[in-house]
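Residue 4 is where the sequence shown starts when you use our numbering, and the numbers rise one by one after that. Beta carbons are placed, not taken as given, at the ideal position from N, Cα and C, and that holds for glycine.
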Amino acid sequence: IAERSWGERNTARIAHPLSRALPGFLAAYLDMPADPLPGDSNMPRVQGPKFGASERFAVAPGDEAHGYFELPGGQSGHPLSPFYGAGHEDWVQGKPTPFLPGPAIHELRFEPGPG
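Listed below in structure tokens is the structure:
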């Protein structure tokens, strides 16, 4: 029993909304990995196989620089996006991500067309 862990029973299985419509070998590319987690229904990190915090977020108004944010699966739901799954491992590990964004990585510019 000393070799067993709570995470074996308390495992997050976060599935992409479209993964059920695909064959199993393709669905695995859309879903987040099955991650063993700490926590339970009566713990600060509320987690269970079928329930849990969809995000963790704390910020004091006027002190946003010290705020943190965690989001399982990342901010993008598009599997081909470089941001798909970004931050998921931090969520699993309980590692806070700064609330405020860092420097821009990409820029999208809209300009009027001719005529």
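- In the structure shown, the three-state DSSP call for A30 is helix.
- Counting only runs of at least 3 residues, the stretch 34-61 fully encloses the following beta strand (DSSP E) elements, listed from N- to C-terminal order: 59-61.
- When Cβ pairs closer than 8 Å are counted between the two stretches, the stretch 60-74 is seen to touch the stretch 95-104, the count reaching three or more.
- A24 carries a helical assignment under DSSP once its states are collapsed to helix, strand and coil.
- With 16 or more other Cβ atoms inside 10 Å of its own Cβ, L40 counts as buried.
- With respect to the 8 Å criterion, D34 and I17 are classified as neighbours on the basis of their beta carbons.
- Minimum Cα-Cα distance from L29 among the listed residues E114, E11 and P82 corresponds to P82.
- In the three-state scheme derived from DSSP, where H, G and I count as helix and E and B as strand, E73 is classed as strand.
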